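Enquirer: Before I ask anything, let me first share the structure, which is written out below as structure tokens.
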Amino acid sequence: MGFDSGPPGADALELVRMVEGGLSAHQALSAGTMGSALALGLTDAGTIEAGRRADLVVLDQNPLADVRVFTRPADLKAVIKAGRVVAGSL
Numbered sequence: 127m128g129f130d131s132g133p134p135g136a137d138a139l140e141l142v143r144m145v146e147g148g149l150s151a152h153q154a155l156s157a158g159t160m161g162s163a164l165a166l167g168l169t170d171a172g173t174i175e176a177g178r179r180a181d182l183v184v185l186d187q188n189p190l191a192d193v194r195v196f197t198r199p200a201d202l203k204a205v206i207k208a209g210r211v212v213a214g215s216l
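Per our numbering, the very first residue in the sequence shown carries number 127; after that it's consecutive.
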């Protein structure tokens with residue numbers, strides 16, 4: 127997770143690699159959300175809290191049990207951007 131962007135799915139694979147490298151799923155997800163926001167100097171993003179910006183994905187499985195869920199399109203149920211469902215459904 128960083129400043130650059132790669133091909134679609136690269137961030138999901140990076141989470142998987144973090145876990146394979148020894149981080150817990152929670153640590154990897156924190157690095158990809160809070161950590162990235164902090165690295166970019168964003169104070170209104172990175173966590174789910176009232177008053178903060180949030181773009182979210184809704185998954186069919188728990189990513190704390192298996193971060194590979196982000197790499198499986200069939201487990202993606204919805205995408206929420208700026209508070210609106212823009213893909214899938216809830």
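The beta-carbon is built from N, C-alpha and C at its ideal position, and this holds for glycine as well.
Given the structure is predicted, the values throughout are model-derived calculations rather than measurements.
Go through its chain and collect everything with a Cβ distance to M160's Cβ below 8 Å, but skip five positions before and after it.
Expert: The answer, listed in chain order, is G172, T173.
Enquirer: Would you mind sorting A136 into buried or exposed? The rule is 16 or more other CB atoms within 10 Å of its CB.
Expert: Its Cβ having fewer than 16 others within 10 Å, A136 is exposed.
Enquirer: Does the pairing of the segment 196-205 with the segment 146-154 give three or more beta-carbon distances under 8 Å?
Expert: Short answer: they don't touch.
Enquirer: Please list, in chain order, all residues of the same chain as H152 whose beta carbon is under 7 Å from its beta carbon, the five residues on each side excluded.
Expert: Same-chain partners within the cutoff: L190.
Enquirer: Assign L168 to one of three DSSP states: helix, strand, or coil.
Expert: Correct three-state label for L168: coil.
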